[in-house]
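S.K.: Going letter by letter, the sequence shown gives residues 5 to 183 in the numbering used here.
All C-beta atoms in this analysis are idealised placements derived from N, C-alpha and C, irrespective of residue type, glycine included.
What follows is a structure written as structure tokens; I'll ask about it next.
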Amino acid sequence: MTQNPVPHDDLLRGKAYTEGEITVTYDAPRCTHVANCVRGLPSVFRPKERPWIQLWNETDAARVAEVVRTCPTGALHYALHGAPPEAPAMPTTVMPVKDGPLVMRGDLVIQTPAGEVREVRAALCRCGASGNKPFCDGTHAKIGWKSDQPGGQATPDQRGDGQPEEGQQADGARGAEGR
Ligand code: SF4
Ligand code: FES
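Shown next, in the form of structure tokens:
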């Protein structure tokens, strides 16, 4: 059995960067700064510079696509012009990250407040404190959430109860500092 590719239009979200035959999109609220992209291709993914994605530094577009696929959260996606979209992993995998989110790969349909989202990679919040649910936005690290704590959910103090849960700011942990 083969997986049908998820159309580019369903995957490309956020700010688009295009150079030659490749477009890379970056959905800042989904980035948890695990930096696979920076480690994989430091000449292209340069978080301290603007623009932070510098595709002109790598002539091998397939190499850029390969590194984008290592982004576990789905913050990064790509379209290689004239090539099929990224194929979803099969079978679907779900991996709990210690003290962090559930990382999924596969042919995913995710219910969000804004409607259904098709995905091939996603990190879902399991601390309960993300301001971008159901996605992880990195808040678990900011609040020091531990996955082995009783109940497995952020405590009221960690969640900052008293503030709205949806849309809650997670300064320093989300949004890629204005990238
Ligand atoms: S979540 Fe993706 S875009 Fe953000 S730092 Fe990690 S690999 Fe890069
Ligand atoms: S697990 Fe990352 S914000 Fe909840």
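Around the C-beta of P160, are 16 or more other C-beta atoms found within 10 angstroms, so that it is buried, or is it exposed?
M.R.: Unreliable placement is indicated for P160, whose pLDDT of 45 sits below 50; no coordinate value is reported for it.
S.K.: Could you spell out where the alpha helix (DSSP H) holding D13 opens and where it closes?
M.R.: Here the alpha helix (DSSP H) through D13 covers H12 to L15.
S.K.: So if DSSP puts K100 in a beta bridge, which residue, or which two residues, is it bridged to?
M.R.: The sequence shown places Pro at residue 100, rather than the Lys named in the question. In the DSSP output, where bridge partners are listed per residue, P100 has L106.
S.K.: From S47 to E62, what distance separates their C-alpha atoms?
M.R.: Distance between the alpha carbons of S47 and E62 is about 7 Å.
S.K.: H81 by DSSP, collapsed to three states: which one?
M.R.: Reduced to three states, the DSSP call for H81 is strand.
S.K.: What span of residues does the beta strand (DSSP E) with E23 cover, start to end?
M.R.: From DSSP, the beta strand (DSSP E) with E23 extends over K19 to E23.
S.K.: Identify whether P160 lies in helix, strand or coil by the three-state DSSP scheme.
M.R.: Here P160 scores only 45 on pLDDT, less than 50, and its place in the model is too uncertain to base an answer on.
S.K.: How would you label A20, buried or exposed, when you count the other beta carbons within 10 angstroms and need 16 or more for buried?
M.R.: Result: exposed.
S.K.: Locate the beta strand (DSSP E) running through T27, then write down its first and last residues.
M.R.: I26 to Y30 is the extent of the beta strand (DSSP E) around T27.
S.K.: Just the C-alpha distance for P9 and P95, rounded to the nearest angstrom, thanks.
M.R.: The alpha-carbon atoms of P9 and P95 are separated by roughly 14 Å.
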